[in-house]
Amino acid sequence: RNEKIGRKIRDNELKRVPYMVIVGEKEAAEGLVSMRQQGGGEQATMTMEEFAKRINDEVAEQLKTLD
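Numbering (the numbering used here), first residue to last: -17 to 49.
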């Protein structure tokens, strides 16, 4: 889509997307991703591996509540 990043972020917030991962030129050059949590919560910059671990840990925790 040829829209500005702010518009894309706002659209996804309205859709209640739980996490957004943003990779701009700076992040790509440094091997990082910028993560935004839905609801105006946490925003952090981390490696893709750290983000994947975070999501895996969260899913594992949610699965425990289903048992």
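Heads up, the beta-carbon is just placed ideally off N, CA and C, and yes, glycines get one too.
Short check: CB of residue i to CB of residue j, under 8 Å?
i: Q20; j: E(-5); result: yes
i: G13; j: T27; result: no
Specify the secondary structure class of residue i as computed by DSSP and reduced to three states.
i: Q44; result: helix
i: R(-11); result: helix
i: R50; result: No answer is possible for residue 50: the residues shown for the chain start at -17 and end at 49.
Let me make sure I understand the geometry here. Which of the options has the alpha-carbon closest to that of residue i?
i: I37; options: N(-16), V3 and E7; result: V3
i: R18; options: N(-16), F33 and A42; result: F33
i: V5; options: A42, I(-13) and L48; result: I(-13)
i: Y1; options: G23, E43 and L45; result: G23
By the 10 Å Cβ neighbour count, where 16 or more other Cβ atoms means buried, how is residue i classified, buried or exposed?
i: V15; result: buried
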